[in-house]
Amino acid sequence: MTPMNGRFLRRMRKKIAQSAPNLGRRTGIALLLLLAAFIAFRAAAPLLISTNLVRTNLEDAVSQWTGHRAIIKGSPQLEFWPSPRITLNDLTIERPTPAGGEVLGHVESLSATFSLFKAWQGRPIFYDFHFVRPEFFIERDETGKLHWSDDGLLADAISQAGAAGNGQQRIPEELNVRIGEVTIDDGTLVIEDARHTEPFRINSISADIFWPHLGSGLRANLIARIRDKDVRLDFSTTQPLLLLSGSNADARGEFASAPLSGNFEGIANLASYAFLSGTAEINAPDVPALVAWSGLELPALAALNSASVTAEITTMDDNLRFNNLQFTIDDAHGSGVLDLGLTADGTPKATGTLAFDRLDVGAFLAAFSIKAPGAGDVPEKTIDTSFLRHMQLDLRLSARQAALGPFQIEDIGASVLIDARQAKFDIGDSAFEGGRLSGHLDVAEQDFDGSGNLQVSVRDANLADVFSRLQITGPLPSGTGSLDLSLRTEKPVWATGAHDISGTFRLFADDGSLQKFDATAFRQLATDKPFFYLRSANGGSFSYTSADVSAKFADGAAELTRARFVGPQQTLLLSGVIPYESGSIALAGLLDAGDPALADRYPPLNFFVGGSWPDPVISAVIYGPAQPAAN
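Heads up, the sequence shown is in UniProt numbering, so the first residue is 1 and it goes up one at a time.
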């Protein structure tokens, strides 16, 4: 550095040091003057700004926002600390009609913050709104679109909103006005839905909504009361205008109430039956309370206690698909794929494949009965197959274990189909009591005169276990056997009395025994007594190499057309009538030699069985010379 340059730099530093205090003083004075001007302007604001001007501008702003006439009946109130704010009382929003005017909303009190400078210029801009006890009325058409106004700033923004490539929304810049924070205290929303006769009401609404500008995202925290239940909703969307227009929009929400809670993140659509696409979790700790709270007729859910569901939801055409579905219903866990939708006439429809770890078949079937006969009820008075008109189902079910009344079934495959006023339930080839079981149940409705069919086929099952689970006692076959049961009723199954059932039954088995029937003791008692109780001969069993039992059901009784038990030495034959409504029994029987060569040792023994099961009275007649009883 040259001596000349060094002297120049020293002089410059000296001048800056000498001028610094003057610059600081000038800056401080300027700030004080600005502060004084601001305070003076704020102090003079009540004199400079007309209350009527601000009132009129806010009234006009409400009209411009809604596209309808805003009428203020109360006196306005202006506040200037801590920020300028106006409050309007008794505000009504009307839509002109030939009859005079239709009220779309009423607000007990509306307050908003405004800019002093803009107000001084005569063009106040309002933001940060506070509604006290507002009530709004909204219409929803058949497609699910909301119609509150077709005019106004909000309607223009909704109609011109489009999706931006970054997951946001876009509107013309002149519509992107400031909103700020919106607070609602004790509000009411009434939705008139064209698809329902009764309006839907949301009461006691308290909400904090953060919506910086009309074209920006929205975040809301809401507490309300729906059908006498408190609910909480935390909701956010980056595309609120698209959502209000009935288009797909990004959304995230969390809902909580006593009967139902859940959360969702994905794409929402308020039209098209409010379909969603994203991930969802739903919990219903008290399903009957949820059904009652919803006000819907959901007979398939009324028999459940609790349920929880998680799934990836996608919208396909007009269906809502639950992929990777995981659910817990009461104590059963399962997974699968489920599609929900509506038919052309608006009937709910569900199709899919569900796999359970455990399935209660009886409870599943009972879920489709709205009301079953109780003690003293007349079946005809309890007939209700209206579920056949209220839903359509096409489900494939499977379970590692299933309960069917007292029975346990393993590796069950089943299907349920409800369509065209007919319900069908099928059980495929499943493991049952050491053998296999399959079955079919169908119910039809024809102008409230329904009918039902039941077919059950069991192969190679343990008969002793079957009768034990049915809690049937007395002389019964044991061992491995098979049976076929076919029943029909001209009435719905759950409205059918015993006298309404008709059908057939057949049991056939090899190499078993008739428990609690001692043929030797039976012959001896028949020789010694004209009458005796069957229990007197229950000290042993009657072995058979084959058994064949056939019966017909009609008019409240079972006609035993054939019961043949062929033993190594003797054969037992039975036939007669069992009126099962009264629990009585009337049978004719024959015990004779299975081999003609043994006819002398085991002469024919005809007998009559009367009384009630399981301990009827035996009256016997012996043909031929009496011989010592032998087995």
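Glycine residues also receive a C-beta, built at the ideal position from the N, C-alpha and C atoms.
Under three-state DSSP, which class holds R469? Against the sequence shown, residue 469 aligns to sequence position 469. Helix, per DSSP.
Given N462 as reference, the closest of L454, I282 and L483 once Cα atoms are compared: Locating residue 462 in the sequence shown gives position 462, counting from the first residue. Cα-wise, what sits closest to N462 is L483.
Can you give the beta carbon distance from V549 to R488, rounded, assuming they're within the 8 angstroms contact cut? Start at 1 with the first residue of the sequence shown, and residue 549 comes out as number 549. Start at 1 with the first residue of the sequence shown, and residue 488 comes out as number 488. Not quite, the Cβ-Cβ distance comes to about 20 angstroms (not below 8 angstroms), so this is no contact.
Excluding the five sequence neighbours on either side, which residues of its own chain have a C-beta within less than 8 angstroms of the C-beta of E142, listed in chain order? Within the sequence shown, the letter at position 142 stands for residue 142. Cβ neighbours of E142 beyond the five flanking positions: A194 and R195.
Tell me, please, which residues DSSP counts as bridged to I184. Taking the first residue of the sequence shown as position 1, residue 184 is located at position 184. Answer is F131 and A207, bridged to I184.
For residue 643, count neighbouring Cβ atoms within 10 angstroms of its own Cβ and tell me buried if that reaches 16, exposed if not. Here the chain comprises residues numbered 1 to 631, so residue 643 is not present and cannot be evaluated.
Compare the beta carbon distance of F131 and L104 with 9 angstroms and say whether it is the shorter of the two. Along the sequence shown, one-based indexing puts residue 131 at 131. Along the sequence shown, one-based indexing puts residue 104 at 104. L104 is positioned such that its CB atom lies no closer than 9 angstroms to that of F131.
E410 - DSSP class collapsed to helix/strand/coil: Stepping through the sequence shown from its first residue, residue 410 is reached at position 410. Note: E410 maps to strand in three-state DSSP.
Determine the contact status of L605 and F522, defining contact as a CB-CB distance below 9 angstroms. One-based indexing of the sequence shown puts residue 605 at position 605. One-based indexing of the sequence shown puts residue 522 at position 522. In contact: L605 and F522 (Cβ atoms closer than 9 angstroms).
Does P530 pass the burial test, meaning 16 or more other C-beta atoms within 10 Å, or should it be called exposed? Counting from one through the sequence shown, the residue named residue 530 turns up at place 530. Exposed.
G479, DSSP secondary structure in three states: Taking the sequence shown and counting its residues from 1, the one referred to as residue 479 is at position 479. Correct three-state label for G479: coil.
Between which two residues does the alpha helix (DSSP H) harbouring P240 extend? Translated into the one-based positions of the sequence shown, residue 240 becomes position 240. For P240, the enclosing alpha helix (DSSP H) covers residues P240 to L244.
What is the rounded straight-line gap between the Cα of D595 and the Cα of P603? Reading the sequence shown from its first residue, position 595 is the one you call residue 595. Reading the sequence shown from its first residue, position 603 is the one you call residue 603. Using only the alpha carbons, I get a separation of about 11 angstroms.
Can you tell me where the beta strand (DSSP E) holding A344 begins and where it ends? Mapped onto the sequence shown, residue 344 falls at position 344. Following the DSSP letters along the chain, one finds A344 in no beta strand (DSSP E), marked with neither H nor E.
Minimum length 4: unbroken alpha helix (DSSP H) runs contained in the segment 215-266: 240-244
Count Cβ pairs between the segment 329-336 and the segment 346-357 that sit closer than 8 angstroms; are there 3 or more? With a cut-off of 8 angstroms, the segment 346-357 and the segment 329-336 count as touching, because enough Cβ pairs lie within range.
Can you give the Cα-Cα distance for K349 and F327, rounded to whole angstroms? Translated into positions along the sequence shown, residue 349 becomes position 349. Translated into positions along the sequence shown, residue 327 becomes position 327. Roughly 19 angstroms between the two C-alpha positions.
Report the three-state DSSP secondary structure of F364 (helix, strand or coil). Indexing the sequence shown from 1 puts residue 364 at position 364. Residue state, collapsed to three classes: helix.
Give the range of the beta strand (DSSP E) segment to which S582 is assigned. Here the question's residue 582 lines up with position 582 in the sequence shown. Run containing S582: none; DSSP gives neither H nor E here.
Among G101, Y127, R123 and E192, which one has its Cα closest to the Cα of T113? What you label residue 113 is simply residue 113 of the sequence shown in a count that begins at 1. The shortest C-alpha separation from T113 is found at Y127.
Status (buried if at least 16 other CB within 10 Å, exposed otherwise) for D615: Indexing the sequence shown from 1 puts residue 615 at position 615. Around the beta-carbon of D615, fewer than 16 other beta-carbon atoms lie within 10 Å, marking it exposed.
What number of angstroms, rounded off, separates the C-alpha of A588 from the C-alpha of L574? Within the sequence shown, numbered from 1, the residue matching residue 588 stands at position 588. Within the sequence shown, numbered from 1, the residue matching residue 574 stands at position 574. Roughly 6 angstroms between the two C-alpha positions.
Verify whether the separation of the beta carbon atoms of A361 and I409 is less than 9 angstroms. The count along the sequence shown starts at 1 and reaches residue 361 at position 361. The count along the sequence shown starts at 1 and reaches residue 409 at position 409. It should be pointed out that residue 361 corresponds to Val in this sequence rather than to Ala. In this structure, I409 lies closer than 9 angstroms to V361 by Cβ.
Span of the beta strand (DSSP E) around V609: Taking the first residue of the sequence shown as 1, we reach residue 609 at position 609. L605 to S612 is the span of the beta strand (DSSP E), which, as asked, contains V609.
Excluding five sequence neighbours on each side, which residues of the same chain lie with their C-beta closer than 6 angstroms to the C-beta of L222? Locating residue 222 in the sequence shown gives position 222, where the first residue counts as 1. Here the set comprises A207 and L233.
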